[in-house]
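Numbering (my numbering), first residue to last: 133 to 408.
Take a look at the structure below.
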Ligand code: AMP
Ligand code: MN
Ligand code: MN
Ligand code: MN
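Dropping the structure here:
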């Protein structure tokens, strides 16, 4: 099967490498079809595309959009987008717009928990300050010695019920799918195994997503356990969704799976890249 890796991040959002360095790593690792999918931002696409062309790596422009659905954060990946399409760009800018105020609130909560200076500390890790996010706070908390690793931070801070969690309204499902389709792209539900929805809520998400013209779901991702590959392969077959595969690579020190090293898609699925 084609070694497709259609989900990863650069330092334009919360990854550690510049877009061209992510491209080089994908190429070195044997990726044959690669998408850069930074959170809420397409500012890395031009550099990624150029770097990929220079090393003869097939490239797909992507993005990972934060939305709020049934009160929880969900991520929708867009693949094959025209990153210069005006509606998409304006939509992503509106999603990014809430991040500064949210960052200030996260810092206030951390200060109350005895950790001062977190806003200034986190923003130093955000190469793109408009994309200040929890990963940058996590890196600051590691640097400050509060916890040894980023994943340890996320077990104790920045998540629901822990210090530094700020409920946030992102875009809507309808907006995200609409922006992606308006830019000629294909919408894909990112890492479905990460959401703590009830079965009924999850079914409702899938059906709303399909009604809006959403087409795909991630089956093999760095965020899933092998058991979840099978679970979401069944979901994809049952719902008639295209299947995607992506490492969700952020950096070698922080990601469980490296670019291009995922197992193949289970059988009986139509890959999201089948007609590209
Ligand atoms: P934000 O968009 O600011 O809410 O940040 C979300 C990002 O935090 C995700 O894209 C991940 O990179 C990171 N993240 C969330 N939960 C975890 C976790 N449990 N372990 C490591 N990183 C996480
Ligand atoms: Mn991330
Ligand atoms: Mn995600
Ligand atoms: Mn991601």
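Cβ coordinates follow ideal geometry from the N, Cα and C atoms, glycine included.
Predicted, not measured: the structure shown is a model, and the values here were computed from it.
{"Asked": "Helix, strand or coil at residue 209 [DSSP, three-state]", "Found": "strand"}
{"Asked": "Residue 353, enclosing beta strand (DSSP E) - first and last residue", "Found": "348-353"}
{"Asked": "Within 7 Å, strictly: CB atoms of residue 143 and residue 150", "Found": "yes"}
{"Asked": "Contact test: residue 283 Cβ vs ligand 1 heavy atom, cutoff 6 Å", "Found": "yes"}
{"Asked": "As assigned by DSSP and simplified to three states, the class of residue 315", "Found": "coil"}
{"Asked": "Test item: CB-CB of residue 154 and residue 174 under 7 Å", "Found": "no"}
{"Asked": "Delimiting residues of the beta strand (DSSP E) encompassing residue 191", "Found": "190-201"}
{"Asked": "Where residue 380 falls, given that 16 or more other Cβ within 10 Å makes a residue buried", "Found": "buried"}
{"Asked": "Heavy atom of ligand 3 within 6 Å of residue 382 beta-carbon", "Found": "no"}
{"Asked": "Residues surrounding ligand 3 [beta-carbon distance to nearest heavy atom under 6 Å]", "Found": "196, 207, 322 and 323"}
{"Asked": "Cβ-Cβ distance between residue 392 and residue 219 below 7 Å", "Found": "no"}
{"Asked": "Within-7 Å CB hit, residue 264 to chain D", "Found": "In the structure shown, chain D cannot be found, because there is only a single protein chain."}
{"Asked": "Nearest neighbour of residue 375, chosen from 383, 382 and 366 [CA to CA]", "Found": "366"}
{"Asked": "Nonlocal neighbours in the same chain, by C-beta distance under 6 Å from residue 373, ignoring five residues either side", "Found": "348 and 349"}
{"Asked": "At least three beta-carbon pairs within less than 8 Å, the stretch 220-235 to the stretch 294-303", "Found": "yes"}
{"Asked": "Inter-residue CB distance, residue 383 and residue 147 (contact presumed, cutoff 8 Å)", "Found": "6 Å"}
{"Asked": "Three CB pairs or more closer than 8 Å across the stretch 283-295 and the stretch 261-275", "Found": "yes"}
{"Asked": "Per-residue DSSP class, three states only, for residue 298", "Found": "coil"}
{"Asked": "Own chain partners of residue 390 with C-beta closer than 8 Å, once the 5 adjacent residues on each side are dropped", "Found": "157, 161, 379, 381 and 384"}
{"Asked": "Contact under 7 Å by Cβ, residue 84 with residue 368", "Found": "In the structure as shown, the chain starts at 133 and stops at 408, and residue 84 therefore has no counterpart that could be examined."}
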